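Numbering-wise (our numbering), the sequence shown opens with residue 545 and increments by one.
Ideal placement from N, C-alpha and C gives every residue a C-beta, glycine not left out.
For clarity, every value in this text was computed on a predicted model and none was experimentally measured.
Here's the structure we're looking at; comments come further down.
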Amino acid sequence: MSSSRRDVLFFGSIAVSIIGHKVHDEAVAAQLEQQNASIKLHATVSTPYAKTEEVFGLVSTSPLYEIRSADSKASPAIPSTAQRGASHPRHHHQRAAFLPVVLELAPKAAVEEVPSIADQDGALLQLDSPMNDADPAPSYTSASLRIEVGVSRSGGDATVVGAKEVFLPSLNYLASRDMCTVVRVPVWSDTILKSAVGEVNVAELHRRSSQIQIAGDSSSSSSVVVLGDGRDRNGRGDAVSGVALSVYAMVRVISLAEKVRLVCEADDAVRRLLDLPDPARKVSLALTQRGEAPYGAMPLTELYKHHWHFFGYYSNTIIKHSNVVMQRLAEAPRQREAEASFPHRWNALTVVDLRPTLLGEDAFAPLLVTLAYCPNLRAVYADGNHLGDLTCARLSVLFRRHRYLACISLSKNVIHEAGGAQLLRLVRNNLRITSMPCQGNFFSDEMRSRIEEVARKNASVIAQDPLNVFSSSYDYLTDLSSLPKSLQQQGLRTWAMLSAAPVGDVDVMVRNFTTSTQRTLGDSPVAAMERAKAALRSRESLSLIPPAALAPLLSEVMRTVSVGVSRVLPDPLVRSLFSDMETVVAQEQEQVEAQRRDELAGGIRDASFLPPEVCDAMGGAHTPAVDSENMYARAFVRIVVAALRGVALSTPWAEIAKVLEGIGRVHRDLGVMPEDYWLAVHIFMTSLRISCGAEFYDADHASSFLALLALAVRTAAGTDAVLQ
């Protein structure tokens, strides 16, 4: 390897989070509670392979975790099915320590010796079998993770009371397969007692944590590996005398190399084009794993810190840490209910205004890569930030396929002709960009006019899309009176076909699955109505889901919408809003039947893929409950059903609009963008045309139904929703 080039093998993060603890010595645990003791994790990493080096050498510390003996194990009086459905806080999301890691090839190693990633992964297939007792040999992307448990009493300094050395055979392998490692760190009673007076023997801790073995059982999933130290367990797997508690930590490897690799390659291309000198530290990420980081893997502020460390290393300078940047990333609007189920939602950040801040090109790079992970980013204002041609090249490769970025403001920077060409390439590749103010730079007026012309063409294409219900072509749709009665009736014919139920179904406000399993094709409407009334009397409350929302054709069309939208929407909460109710109700019914089978079997069900001791430490295994009522209340299909069904039943439009506006407010809180409605309507109409056929679904019926659908969607999205 050339002495001037650094070959990076892995760049990313090792996340270590406390998922629970188990008390073995009640007396020691009670003493810790009386002392108001909390524990935290310290994580460091090293390389066991001689031909690789870890560059950063950082230490990451998790937030404090309170020790409560009442939470340490599941109550034996509660059946396993009740525990599985019980509410249990997911503390590990808030107690994670994110450790930035860069593995690079040692100076004396040759690039030609490094095997391909496929060959390296092929040698690690035994990781998919936790029963395999053979420890994999160190490789180029192996890492040794040291986890230390520190105890802090009454907010004082933490004293190390436990440690574990974890061997990670391949960071690339674990990251690409999103495999988590559950580590059990034993904390000994005598160590806790000594820590109260500051007499902990660190060498003894090192000796106790020196042996590692891979443990598991035949029911373990391939995505979870459990590591433990056999010295603190007897033959039955129980803790031996002397262990006060076991702390369970989850280790997850996250690769962040993909976008950084694109940036480095773009920088190299610009330097060659302009004949610029190589940077003081030339970095290559050609040997890193391909693939994007999992959505929401860490907070945006932590993601920025990781890139801040890397680009400081890449530019061989100390990048000034900007509190303004951290504030911009942290001030994204939050929604408590959404964060409870998915804490790190990168789509919450939509606008970044850096006009009062002077960052410079080096300091802007980590922020730019961080923003590329924000799927709902709409506008970036970076006027007067002393940005140059390298930033333009980075913008071109990072945002060429971004779905929502409509405005990039780069006025009064130091961009030259080469940078202007990169901006022109960006607006040509990304048709969503409709505004790019770039006055006051050093490229020609001709280049600026070409950029503005392409941006105007992009805006024209969006505005002229006939299925863009937010364009000015649909501004006349203010309420139902905007549409003639004849057009409404024509559109309702299509709705009657969409909402047609199976033979024997009736349109009553009752769960479909409570009656459909008892009905046959020969049922009469009278018998069906009697059964529906009996189902209503047996229920405590009326169902919100009308059978029209479960109609076969509408469900089939919505399934197509769900598949199409899910391909481009990374946020799981937003994706769930476009689900079809037939699938949701079927999942809920399957969950109810599974719980009923568990009760008939005596409440014994080993549904967890985790070992029993880990489940106990976490408070039991939990299957998220499917609530079809809650799902329908905020679903996109409810916009369709509420509007079209209301019009068919001659409901006043003011009442329909209130329902639609309420759904729209929930959607905006969860991060639904006008582009998402645009895509959903596009797929909905295309699927409807394909399902019905041209001979049964002509242009008149299609346009009439589209007008009603557009009115419903525009009402839900709000009057300020514009897409042009």
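Review point. Can you name, in chain order, every residue of its own chain whose Cβ lies under 8 Å from the Cβ of K864, other than the five neighbours on each side?
Key: Taken in chain order, the residues that qualify are A907.
Review point. Terminal residues of the continuous beta strand (DSSP E) containing D488?
Key: Residue 488 falls outside the range modelled here, since the chain spans only 545 to 1268, and no answer is possible.
Check your understanding: Does the Cβ-Cβ distance between V1112 and S1231 come in under 8 Å?
Key -> Not closer than 8 Å, so no.
Check your understanding: What's the call for V1047, buried or exposed, on a 16-neighbour Cβ count within 10 Å?
Key -> No answer about V1047 holds up, because its pLDDT of 48 lies below 50 and its placement is not dependable.
**Study point:** Counted within 10 angstroms of its Cβ, other Cβ atoms place Q664 as buried (16 or more) or exposed
**Key:** Sixteen is the threshold: when 16 or more other Cβ atoms of the shown chains lie within 10 Å of the Cβ of Q664, as they do, the residue is buried.
Review point. Would you say G932 and V958 are within 8 Å of each other, going by their C-beta atoms?
Key: Yes.
**Study point:** Selected residue, minimal CA-CA separation from L934, among L1097, R976, H960, G700
**Key:** Ranking L1097, R976, H960, G700 by Cα distance to L934 puts H960 first.
Practice item. Below 7 Å CB to CB, which residues in the same chain sit around E610 once its five sequence neighbours on both sides are set aside? Key: Result list for E610: S582, in chain order.
Point to revise | Ordered list of alpha helix (DSSP H) runs contained in the stretch 1200-1252, each at least 4 residues | key: As far as the stretch 1200-1252 is concerned, its whole alpha helix (DSSP H) runs of at least 4 residues are 1218-1236.
**Study point:** R872 CB to nearest heavy atom of the ligand GDP below 7 Å
**Key:** The model on display carries no ligand, and the ligand GDP is accordingly not part of it.
**Study point:** Endpoints, the beta strand (DSSP E) within which H850 is located
**Key:** Here H850 belongs to no beta strand (DSSP E); instead the alpha helix (DSSP H) covers 844-859.
Point to revise | V896, DSSP secondary structure in three states | key: DSSP, read as helix, strand or coil, puts V896 in strand.
Check your understanding: Which residue or residues does DSSP assign as beta-bridge partners of P644?
Key -> Answer is S557, bridged to P644.
**Study point:** Nonlocal neighbours in the same chain, by C-beta distance under 6 Å from A1265, ignoring five residues either side
**Key:** Cβ within range, chain order: F1014, P1218.
Exercise for review: Determine the closest residue to H568 out of M1102, F1180, A788, with distance taken between C-alpha atoms.
Suggested key: Measuring from the Cα of H568, the nearest candidate turns out to be A788.
Check your understanding: Is R834 helix, strand or coil when you go by DSSP?
Key -> Coil.
Exercise for review: With DSSP as the reference, please indicate the residues paired to I583 in a beta bridge.
Suggested key: Looking at the DSSP assignment, I583 forms a beta bridge with Y609, V695.
Review point. Starting from E598 and walking both ways along the beta strand (DSSP E), at which residues does that stretch end?
Key: Per DSSP, E598 belongs to the beta strand (DSSP E) from 596-598.
**Study point:** Environment of I1234 [buried if 16+ CB atoms lie within 10 Å]
**Key:** I1234 comes out exposed.
Exercise for review: Determine the DSSP secondary structure at I1183, reduced to helix, strand or coil.
Suggested key: Annotated three-state conformation of I1183 is helix, per DSSP.
Point to revise | Minimum C-alpha distance to V1181 - residue among L1042, P1114, D734 | key: That would be L1042, whose Cα lies nearest to the Cα of V1181.
Check your understanding: A937 to V589, Cα distance in whole Å?
Key -> Their backbone Cα atoms lie some 33 Å apart in a straight line.
**Study point:** Residue from M870, R872, H851 with nearest C-alpha to I862
**Key:** Checking every option, the nearest Cα to that of I862 belongs to H851.
Review point. Run through DSSP, which three-state label would S604 get?
Key: Here S604 sits in strand by DSSP.
Review point. Quick one: what does DSSP say Y717 is sitting in, helix, strand or coil?
Key: Three-state DSSP puts Y717 in a helix.
Check your understanding: Which stretch, first to last residue, makes up the alpha helix (DSSP H) that contains F711?
Key -> Segment 703-712 is the beta strand (DSSP E) holding F711; no alpha helix (DSSP H) there.
Exercise for review: Could you tell me how far apart the beta carbons of S604 and A793 are, in whole angstroms, since I believe they sit closer than 8 Å?
Suggested key: Going by Cβ atoms, the distance from S604 to A793 rounds to 12 Å, so no, they are not a contact pair.
Check your understanding: Just how far apart, CA to CA, sit A641 and S557?
Key -> For A641 and S557, the gap between their C-alpha atoms comes out near 10 Å.
Check your understanding: Cβ of L647 within 8 Å of Cβ of E598?
Key -> Cβ distance < 8 Å, so L647 and E598 count as in contact.
Exercise for review: Compute the Euclidean distance between the alpha carbons of V1203 and A1186, then round it to the nearest angstrom.
Suggested key: Computed Cα separation, rounded: 8 Å.
Check your understanding: Can you tell me whether DSSP reads A1044 as helix, strand or coil?
Key -> In the three-state reduction of the DSSP assignment, A1044 falls in the coil class, being assigned neither a helical nor a strand state.
Check your understanding: Near S698, what residues of its chain come up, given a Cβ to Cβ distance below 6 Å and the 5 sequence neighbours on each side ignored?
Key -> Annotation for S698: N580 place their beta carbon closer than 6 Å to its own, counting only its chain and skipping 5 residues before and after.
Exercise for review: Pick helix, strand or coil for M794, following the three-state DSSP scheme.
Suggested key: In this structure, M794 counts as strand in the three-state DSSP scheme.
Check your understanding: What's the C-alpha gap between A630 and A687?
Key -> With a pLDDT of only 32 at A630, under 50, the local geometry of the prediction cannot be trusted, and the value read off the model is given with reservation. Spanning the two alpha carbons is a distance of roughly 37 Å.
Point to revise | C-alpha gap between Y848 and Y917, whole angstroms | key: Those two C-alpha atoms are separated by around 10 Å.
Check your understanding: The beta strand (DSSP E) spanning P1096 covers which residue range?
Key -> Under the DSSP assignment, P1096 falls outside any beta strand (DSSP E), being part of the alpha helix (DSSP H) whose first and last residues are 1096-1110.
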